[in-house]
Amino acid sequence: MATKTIRVDYIARIEGEAALDLTIKDQRVTGARLKIFEPPRLFEALLRGRDYAEVPDITARICGICPIAYQMSSVQAMEDAFGVHVDGQLRELRRLIYLGEWIESHGLHIVMLHAPDFLGFQDGIQMAAVHGDAVRGGLALKKVGNALMTLLGGREIHPVNLRVGGFYRVPERRDFEPITEQLKQARDLAVGTLRWVAGFPFPDYERDYEFVALRHSSEYAIIGDRIVSNRGLDIAISAYDSEFEERHVSHSTSLQSVLKRRGSYLVGPMARYALNFDRLPADIQALAREAGLGPVCRNPFKSIIVRAIEVVYACDEALRIIAAYRKPDAPAVAVEPRASVGHGCTEAPRGMIYHRYEIAADGSVVTARIVPPTSQNQLSIEEDLCAVASTALDLPDDALRDKCEQTIRNYDPCISCSCHFLKLAVHRE
Amino acid sequence: MTRAAQARMLVIGIGNPDRGDDAIGPLIVRRLVGHVARDVAIIERSGDALALIDDWAGRDAVVLVDAAAPGDTPGQVHRLDLLGDNLQGEVSMSSTHAFGVAEAVGLARTLGLLPRHVVAFAIEGADFAPGAPVSPEVAAVADEVARRVEAELGRLAELLAGETTHA
């Protein structure tokens, strides 16, 4: 029997450090292991004993790309624990800063990290020599997203203005004047980016995923009420532990999350899109159809199109929120800590994040649990790798390695966040 | 100096203050505050290197101060003319981020977004561990590099003045 191993020791164009071992035996893929070797971050232990009010600023440090997702999930969990409701303009401002993070993160991933895979470039810098306008557009999108985060969060990386109950300071209506024009220009750039990526050559590959995402009664969910799937899951956020569990696998410092009854599932743009297409405005739906997508996309390589659709949506939604903005009377609602347990779940750019905190009567954290999107997608990535590699076994090892790396980048994985990312080895037997 | 030259120079100290020798860039530029012409901007960057392209937009001259990956001689200072030198072929400026300084310079060069003059001072580090102090050999060159950056700013100001005069 011939065994062949293809190894990628360090996967490029992802956030964090990981490796992949692919084993091929008698021309059949027998194993794909995503080996996350970034050291454990230990944030959950670090949070124990800290005051509840410190948690948003500590959890923001988990990721420089998506700090808002961590902050927002933690404040939502605290507010759930203390019976506090944040709505009206404060909730709209939270949605607005989150949209900034979507624009910034998606803009970077689409243009600098993912697009080179489809166009045969080693990286975004090499691609810039041929597709300069597209790269400038991506950088401009990232800049606008960052500007939104700076305006509302005080700074673009690890913002400091979010708190349990709302914000420390809220903007005046006139503060939005400069960014409104930038967002209008960004919207045009986003539509251009969508049309550009829709024309990429895509592998003919689909998989029947269980999509899991938040669902809201009227919005394209970023901050949602229910966790739903395309296989009947429809639960309150507080019921997360009844349906999902994290398990340790020896080849990864990141826990792998599974649905207790069905195993792997997919979170992120494709899941959000499939489960919330009806929540997108008609003109965004029309742009999606123009880009070749129906209401559901099962081709992970086309996730780049879905991200581009979400960027257009994010620009429109941000402009809508800004146009309707009225400065709230207070930057935050009052919060009174109590001994309790709270759950929070929001949609980071790369997928759903779940937080659970047990709080003591004095407001200190007793236990904390954080489930980032890359932990949830890890098993699905390994299953995609097996399936994609199985269709590409005739390729030379270098080409197969490239295909595997691209398969991983479809997920825009954030390894630093999950360490709780990549080197690739192919073992052919 | 011409007015345009006065308004268009930027010094950027790059690094994470909490990761050992990665802190040397910010530490050096802090020594320059109050010792350079009022209209030379000084900033620190510890996060996204791609943001450098926005930082230097509209500037005519930029001086970067950054730690470099460990070599044989911790504290050794390399002066690089980034428009003339191949950064990656010289010395690897260290970054804890997805995009490093070399990538930002390379991308800006490709897109035609580099200022007219970009000079980097790269200081070889020894220890980049989270929470570690700056190594003594690296800390020892901070004053010397600060003086060299001041001199560089003077040289760049004269260059820019000459370019304006002869434009």
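These protein sequence lines map, in sequence, to chains L and Z. Residue numbers for the first sequence, in the working numbering: 179 to 607. Residue numbers for the second sequence, in the working numbering: 591 to 757. A virtual CB, placed ideally from N, CA and C, is assigned to each residue, including glycine. Just so you know, these numbers come straight off a predicted model, no measurement behind them.
- Residue nearest to Z/F711 within the set Z/V691, Z/A698, Z/G721 is Z/V691 (criterion: CA-CA distance).
- Secondary structure of L/R528 (DSSP, three-state): coil.
- At least one CB of chain L lies nearer than 8 Å to the CB of Z/E693.
- Taking the beta carbon of L/I288 as reference, no residue of chain Z falls within 8 Å; the closest one sits roughly 14 Å away.
- Of all alpha-carbon atoms in L/V513, L/I487, L/N324, L/Y383, the one lying nearest the alpha-carbon of L/R450 is that of L/I487.
- L/D229 is bridged by DSSP to L/S542.
- Closer than 8 Å to the CB of L/G310 there is at least one CB belonging to chain Z.
- Below the 8 Å Cβ cutoff, chain Z contributes no neighbours of L/L465, its closest Cβ being approximately 27 Å away.
- Counted as a single uninterrupted DSSP element, the alpha helix (DSSP H) harbouring L/V490 occupies residues 481 to 501.
- Per DSSP, Z/A658 is not a residue of any alpha helix (DSSP H); the beta strand (DSSP E) it occupies stretches across 651 to 658.
- Judged by DSSP secondary structure, Z/M599 falls outside any alpha helix (DSSP H) and instead within the beta strand (DSSP E) spanning 599 to 604.
- If you check the CB distance, L/P527 and L/H284 come in under 8 Å.
- DSSP lists L/R341, L/A510 as the beta-bridge partner residues of L/G344.
- Taking a contact as a CB-CB distance under 8 Å, the pair L/I537 and L/Y230 counts as one, their CB atoms being some 6 Å apart.
- Taking a Cβ-Cβ cut-off of 8 Å, the neighbours of L/R314 in chain Z comprise L701, given in sequence order.
- In this structure, DSSP gives L/Q267 a helical state, which the three-state scheme calls helix.
- Distance from the CA atom of L/V490 to the CA atom of L/I462, rounded to whole angstroms, is 8 Å.
- Here Z/E727 has P664, G665 as same chain residues with Cβ atoms under 6 Å from its own Cβ, once five neighbours each way along the sequence are excluded.
- Going by C-alpha positions, L/H521 is about 6 Å away from L/D258.
- For the options L/M530, L/F389, L/V544, L/R206, the alpha carbon positioned closest to that of L/R516 is the one of L/V544.
- Classified as buried, L/P234 has 16 or more neighbouring CB atoms from the shown chains inside 10 Å of its CB.
- Considering only beta carbons, the part of the region 620 to 648 of chain Z lying closer than 9 Å to chain L consists of S636, G637, D638, L640, A641, I643, D644, in chain order.
- By the neighbour-count criterion, in which 16 or more other beta carbons inside 10 Å mark a residue as buried, Z/V623 falls on the exposed side.
- Taking the Cα positions, Z/A659 is about 30 Å away from L/G310.
- For Z/G696, the residues of chain L that pass the 8 Å Cβ criterion are I303, in the order they occur in the chain.
- Around the CB of L/E359, fewer than 16 other CB atoms lie within 10 Å, so the residue is classed as exposed.
- Straight-line measurement puts the Cα of Z/R621 at about 29 Å from the Cα of L/G331.
- The beta-carbon separation of L/T371 and L/A460, rounded to 21 Å, does not stay under the 8 Å limit for a contact.
- Residues of chain Z whose Cβ lies closer than 8 Å to the Cβ of L/L340 do not exist; the shortest such Cβ separation is about 18 Å.
- For the options L/P551, L/F354, L/L557, the alpha carbon positioned closest to that of L/M530 is the one of L/P551.
- Its Cα nearest to that of L/A508, the residue L/G343 stands out among L/Y276, L/G343, L/Q304, L/L317.
- Rounded to the nearest angstrom, the gap between the Cα atoms of L/L361 and L/V322 is 7 Å.
- At a cut-off of 8 Å between beta-carbon atoms, L/L212 makes no contact with chain Z.
- Between L/R314 and Z/L701 a beta carbon distance of about 6 Å is seen, short of the 8 Å cut, so the two are scored as contacting.
- Distances from the alpha-carbon of Z/L654 to those of Z/D717, Z/G603, Z/A694 put Z/G603 closest.
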